[in-house]
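> Sharing a structure below in structure tokens format, with a few things to ask.
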Amino acid sequence: MENFELRCNHKGGNYIGGDDVFDVKCDDMLCYTTIINNPTSLLRWIAELFGTELPDRGNRLRVSMDMIWDKYCDDGRLKTPATLQFCHESCCIIYHVYPPDNFPTSSLENFLNHSCVDFVCFGLIEKVNYLRKTHNLEVKMEHWYDIPFMATVLDPNRFGLNFHSPLQDMVYIEFSKSYKKPDDLLKSNWRLDVPLPLDKVIPEPNLHELMMKSISWLSSKLEPKSLA
341 MENFELRCNH KGGNYIGGDD VFDVKCDDML CYTTIINNPT SLLRWIAELF
391 GTELPDRGNR LRVSMDMIWD KYCDDGRLKT PATLQFCHES CCIIYHVYPP
441 DNFPTSSLEN FLNHSCVDFV CFGLIEKVNY LRKTHNLEVK MEHWYDIPFM
491 ATVLDPNRFG LNFHSPLQDM VYIEFSKSYK KPDDLLKSNW RLDVPLPLDK
541 VIPEPNLHEL MMKSISWLSS KLEPKSLA
């Protein structure tokens with residue numbers, strides 16, 4: 341089975357400031373990715389996104405969102421390190437939330453609930469519930485798409501009736517290629533005070549492309565509905 345060809349080129353960064361920049365290429369798709377570990381850089385990226393796209397003038401932004409957290413220490417007694425990824429078109433930002441309290445709750449609430457932004461995600465409910473429980477973040481999900489759920493509802497003949505279709509299955513159906521996700525993908529080592537190796541900062545550009553194609557298709561069929 342043919343696999344995606346994934347390459348990553350480090351473009352530079354500032355470790356003291358907590359950021360690194362990479363060009364990530366998946367087949368013919370190029371993704372400009374910034375890796376950060378401070379909330380100021382995340383909020384700057386969001387502000388630049390809004391400033392460039394001007395959603396207040398009638399444009400809708402389509403943003404893919406992914407998140408992981410260290411479940412092995414998610415025992416309910418402490419806030420665990422998490423990693424957030426947002427992508428818009430060919431630009432992505434990956435935010436390693438560490439320490440766990442280094443979380444811009446109010447600003448992220450405004451972003452995640454903005455009426456002009458459509459978010460797409462795999463495993464939406466689990467990730468949103470984590471944000472609600474761990475960071476007391478209010479996420480209304482009025483403009484959110486869970487790709488497996490929406491795709492199976494709109495086209496069951498293509499994707500089957502499994503509302504929890506694995507990412508690998510949907511990527512294969514969409515691209516006729518194999519997708520293998522490394523176990524350590526997106527996990528942060530910043531809390532250990534050492535630089536991140538390349539294999540831990542590579543985003544998922546093929547997932548991003550699938551999300552962008554999916555939300556364009558879904559948006560033409562119906563308005564987003566709350567899955568809360």
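Just so you know, the sequence shown maps onto residues 341 to 568 in the numbering used here. Virtual Cβ for every residue (Gly too), placed ideally from N, Cα, C.
#1: Are the beta-carbon atoms of residue 470 and residue 409 separated by less than 9 angstroms?
#2: Which runs of the beta strand (DSSP E) spanning at least 3 residues fall entirely within the segment 454-528, listed in chain order?
#3: If contact is defined by three or more beta carbon pairs under 8 angstroms, each pair taking one atom from either stretch, is the segment 378-392 in contact with the segment 341-355?
#4: Between the segment 371-382 and the segment 426-437, do at least 3 Cβ pairs fall closer than 8 angstroms?
#5: Do you know how far the Cα of residue 380 is from the Cα of residue 354?
#6: Starting from residue 402 and walking both ways along the beta strand (DSSP E), at which residues does that stretch end?
#7: Please find out if some non-hydrogen atom of the ligand SAM comes closer than 8 angstroms to the beta-carbon of residue 382.
#8: List the endpoints of the continuous beta strand (DSSP E) containing residue 344.
#9: For the segment 364-396, which segments carrying the alpha helix (DSSP H) assignment without a break, of at least 4 residues, lie completely within its bounds, in sequence order?
#10: Please name the residue or residues paired with residue 354 in a DSSP beta bridge.
#11: Determine the contact status of residue 436 and residue 402, defining contact as a CB-CB distance below 9 angstroms.
#12: If you draw a straight line from the C-alpha of residue 452 to the C-alpha of residue 487, how long is it?
#13: Would you tell me roughly how many angstroms separate the C-alpha atoms of residue 504 and residue 464, rounded to the nearest one?
#14: CA-CA distance, residue 457 and residue 491?
#15: According to DSSP, simplified to helix, strand and coil, what is residue 426?
#16: Considering only residues of the same chain and omitting the five flanking positions on each side of residue 445, which have a CB-CB separation below 8 angstroms?
#17: Mind checking whether residue 460 and residue 518 have CB atoms under 9 angstroms apart?
#18: Can you list, in chain order, the residues of its chain with a C-beta nearer than 6 angstroms to that of residue 424? Leave out the 5 residues immediately preceding and following it.
#19: Specify, as a first and last residue, the run of the alpha helix (DSSP H) that residue 451 falls within.
#20: Comparing C-alpha positions only, which one of 342, 378, 369 sits nearest to residue 359?
#21: Give me, in chain order, the residues of the same chain whose beta-carbon lies closer than 6 angstroms to that of residue 393; leave out the 5 immediate sequence neighbours on both sides.
Once the coordinates are examined:
#1: yes
#2: 457-461, 484-486
#3: no
#4: yes
#5: 14 angstroms
#6: 401-409
#7: By its list of ligands, the structure shown contains no ligand whatsoever, and the ligand SAM lies outside what it can speak to.
#8: No beta strand (DSSP E) contains residue 344, which DSSP labels as neither H nor E.
#9: 379-393
#10: 359
#11: no
#12: 17 angstroms
#13: 10 angstroms
#14: 20 angstroms
#15: strand
#16: 475, 476, 477
#17: no
#18: 407, 435
#19: 445-452
#20: 378
#21: 399, 401
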